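Top to bottom, those sequences are chains A and B. According to my numbering, the first sequence is numbered sequentially starting from 186. According to my numbering, the second sequence is numbered sequentially starting from 14.
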Amino acid sequence: MKIKVVYLASLREQLGKSGEDLEIPPATSTVAGLRALLMARGGAWQAALAQGRALRVAVNQEMAQPATPVKPGDEIAFFPPVTGG
Amino acid sequence: MGVRIQTKDFDAGAEIAALRRGNPKIGAVASFIGVCRDVNDGDAVTKMTLEHYPGMTEKALEKIVAEAKARWDVMEVLVVHRVGELKPADQIVLVVVTGAHRGEAFAACEFIMDYLKTRAPFWKKEETPQGARWVEARGSDDEAAQRWNSPKADVA
Numbered sequence: 186m187k188i189k190v191v192y193l194a195s196l197r198e199q200l201g202k203s204g205e206d207l208e209i210p211p212a213t214s215t216v217a218g219l220r221a222l223l224m225a226r227g228g229a230w231q232a233a234l235a236q237g238r239a240l241r242v243a244v245n246q247e248m249a250q251p252a253t254p255v256k257p258g259d260e261i262a263f264f265p266p267v268t269g270g
Numbered sequence: 014m015g016v017r018i019q020t021k022d023f024d025a026g027a028e029i030a031a032l033r034r035g036n037p038k039i040g041a042v043a044s045f046i047g048v049c050r051d052v053n054d055g056d057a058v059t060k061m062t063l064e065h066y067p068g069m070t071e072k073a074l075e076k077i078v079a080e081a082k083a084r085w086d087v088m089e090v091l092v093v094h095r096v097g098e099l100k101p102a103d104q105i106v107l108v109v110v111t112g113a114h115r116g117e118a119f120a121a122c123e124f125i126m127d128y129l130k131t132r133a134p135f136w137k138k139e140e141t142p143q144g145a146r147w148v149e150a151r152g153s154d155d156e157a158a159q160r161w162n163s164p165k166a167d168v169a
C-alpha cells in the first residue's frame, strides 16, 4: 500500500530527508510495524528510530501509538517530543 | 478568534482589544506571553528557530482550545504562536482567555499553555556559542500537563 511519511525537526536532520512516499507491504499494518520497517534500512535509520529513543508519531496529523493502524493513503509523521511555547 | 501560526510579531494589547470588542459580558481577561530567553541550560542563546508541522499544529491547538472551552466556563480564546527565527526578548506565544470571572479564565489559560507545551508540534533549535542544538523536552512540562488529568476529565 502507498503511504506518505514525514520526518520533522532533529529527526529530519538525522535522516537527511523531510519525507517520502512509500510503498509498504500490506502486513505492515501498524505504526510499530512501519517503524521497524524503516529501522531495517540500517545506519542513520537504525540509530534515529531505535526503540530507546523518545519519539512521537502522528497518523493523519493526530497523535498515535505504536498499535495505531496504518492504512493506504495515510500520512505518518515521526518526530521528537515537542518543545514549543 | 481561534488559533494562528505566524512568523511576524504580535501586539498583545491589540489582540486583547479585538477579542473583547463588543462583548460587555466579559468580566475577566487572562493572558500569557512566552518570551525567548538569552540563556538555556547554562548556555548563552543568541538565536532560536521554531519549526512546526503545518496542518497538524493548527488541528492540535484547536483541539486544546476546544477542550479548555469544554472544561471551563470561558468565552473567547485566542492562541498566537510564532515560527521561524527569533532572538532573545522576542515574543514567542500569546494565549488570551476571556470569561465572566477570573478563576475560570486563569485556569483555562494555564491549561492551554501546559497542553501546548506537550502536545502541539513545535520544536526549538537554539544557537549557542557551542553551536546549534535542538532543545530537549522537559519532564517538568509533562508533569505540568498531567496535573490536569482526572478520570472524569480525560474521557475526551
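Positions of the beta carbon are idealized from the N, C-alpha and C atoms, including for glycine. Bear in mind the structure is a predicted one, so any value in this text is a computation, not a measurement.
6 Å CB neighbourhood of residue i in its chain, flanking five on each side removed
i: GLU260 (chain A); result: LYS189, ASN245
i: LEU234 (chain A); result: ARG220, LEU223, MET224
i: SER44 (chain B); result: VAL109
i: ALA121 (chain B); result: ALA81, TRP85, VAL87, VAL110
i: GLU208 (chain A); result: LYS187
i: ASP206 (chain A); result: LYS189
i: VAL93 (chain B); result: ARG17, PHE23, LEU107
Own chain, CB closer than 8 Å to residue i, minus 5 neighbours either side, in chain order
i: ASP22 (chain B); result: ARG95, ASP103, GLN104
i: SER203 (chain A); result: VAL191, TYR192, LEU193, ARG197
Identity of the residues DSSP links to residue i by a beta bridge
i: ALA13 (chain B); result: One cannot answer for residue 13 (chain B) here, as it falls past the ends of chain B, which runs 14 to 169.
i: ASP56 (chain B); result: B:ASN53
i: LYS189 (chain A); result: A:ASP206, A:GLU260
i: VAL16 (chain B); result: B:VAL92
i: ALA219 (chain B); result: Only positions 14 to 169 of chain B appear in this structure, which leaves residue 219 (chain B) out of reach.
i: VAL48 (chain B); result: B:GLN104
i: GLU64 (chain B); result: B:TRP136
i: VAL78 (chain B); result: Its beta-bridge partners do not exist; DSSP assigns none.
Contacting residues, own chain, Cβ-Cβ under 7 Å from residue i (five flanking each side not counted)
i: THR131 (chain B); result: ASP154, ASP155, ALA158
i: PRO211 (chain A); result: MET186
C-alpha distance - residue i paired with residue j, whole-angstrom precision
i: GLN143 (chain B); j: ILE39 (chain B); result: 48 Å
i: LEU74 (chain B); j: GLN19 (chain B); result: 14 Å
i: CYS49 (chain B); j: MET61 (chain B); result: 8 Å
i: ALA25 (chain B); j: GLU89 (chain B); result: 15 Å
i: PRO265 (chain A); j: PRO37 (chain B); result: 44 Å
i: THR268 (chain A); j: LYS138 (chain B); result: 9 Å
i: THR213 (chain A); j: GLY228 (chain A); result: 21 Å
Proximity test, Cβ basis, 9 Å: residue i and chain C
i: LEU234 (chain A); result: This model lacks chain C altogether, as its protein chains are A and B.
Inset, instruction - Write down every uninterrupted run of the beta strand (DSSP E) in the region 198-258 of chain A whose length is 3 residues or greater and which is fully enclosed by it, in chain order. - result: 204-208, 241-244, 247-249
Legend entry - Within the region 89-136 of chain B, ranges of the alpha helix (DSSP H) (whole runs, at least 4 residues): 115-132
Legend entry - Contacting positions in the region 131-149 of chain B - beta carbon closer than 8 Å to chain A: THR131, ARG132, ALA133, PRO134, PHE135, TRP136, LYS137, LYS138, TRP147, VAL148, GLU149
Inset, instruction - Check distances from the C-beta atoms of the region 251-265 of chain A to those of chain B and list, in chain order, the residues that come in under 9 Å. - result: GLU260, ALA262, PHE264, PRO265
Legend entry - Residues, ordered as in the chain, of the region 187-205 of chain A that lie near chain B by beta-carbon distance below 7 Å: LEU193, ALA194, SER195
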